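Numbering (the working numbering), first residue to last: 15 to 148.
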């Protein structure tokens, strides 16, 4: 990792991927967006989610973003990508404001094409750090 902050975020992301019912991988999308650019940051989240959907075998047009505004188990800046048909899990993220800019920590099923996801997010112009689960 480039610095202690990135290493800390990497380790925290890795902990989210610990074995459970579903094997997960993740990505940390580093943006330059500050706290006043929440619209741009949300668009970056949607764009990354669409990439994940595509590489998970879903049509992004058949997915939606659930922000949990009506769910006390959700925090602010936590979102899920779900399918329209049966609300199946596609991805989940947290948008974290760290040292003046947002990092998007997003995770998804390990069966998705991890390397292609990272490459396509990077092609959007973001630095991205891949995190593989166990």
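Glycine is no exception: its CB is placed at the ideal position from the N, C-alpha and C atoms. Nothing here was measured: the structure is a model prediction, and the numbers come from that model.
Cβ neighbour criterion (16 or more within 10 Å) applied to residue 64: If you draw a 10 Å sphere on the C-beta of residue 64, you find 16 or more other C-beta atoms in it, and that means buried.
Count the other C-beta atoms from every protein chain shown that fall within 10 angstroms of the C-beta of residue 137, then say buried if there are 16 or more, exposed otherwise. Counting C-beta atoms within 10 angstroms of its own C-beta, residue 137 has fewer than 16 neighbours from the protein chains shown and is therefore classed as exposed.
Is residue 111 helix, strand or coil when you go by DSSP? DSSP, reduced to helix, strand and coil, places residue 111 within a strand of the structure shown.
Residue range of the unbroken beta strand (DSSP E) whose run includes residue 144: DSSP places residue 144 inside the beta strand (DSSP E), whose first and last residues are 141-146.
CB residue 43 to CB residue 104, shorter than 7 Å? Between residue 43 and residue 104, the C-beta spacing is not below 7 Å.
Examine chain B for any beta-carbon lying closer than 7 Å to the beta-carbon of residue 123, and answer yes or no. Of the chains in the structure shown, none is chain B; there is only one protein chain.
Could you check if residue 57 is buried or exposed, using at least 16 other CB atoms within 10 Å of its CB as the buried criterion? Residue environment for residue 57: exposed (fewer than 16 other C-beta atoms within 10 angstroms of its C-beta).
On the three-state DSSP scale, how would you describe residue 97? In the structure shown, residue 97 falls within a strand segment according to DSSP collapsed to helix, strand and coil.
Between the alpha carbons of residue 124 and residue 48, how many angstroms are there, rounded? Between the alpha carbons of residue 124 and residue 48 lies a distance of about 30 Å.
Where the beta strand (DSSP E) through residue 41 begins and ends: Start and end: 38-44.
Candidates 116, 72, 100: closest to residue 126 by CA position: Between residue 126 and the set 116, 72, 100, the nearest pair of CA atoms involves 72.
Proximity to residue 107 [Cα-Cα], best of 134, 39, 74, 121: It is 121 whose Cα lies nearest to the Cα of residue 107.
Can you give the Cα-Cα distance for residue 20 and residue 37, rounded to whole angstroms? Just so you know, the alpha carbons of residue 20 and residue 37 end up roughly 23 Å apart.
With respect to the beta strand (DSSP E) encompassing residue 72, which residues constitute its N-terminal and C-terminal limits? Element bounds for residue 72: n/a, residue is neither H nor E.
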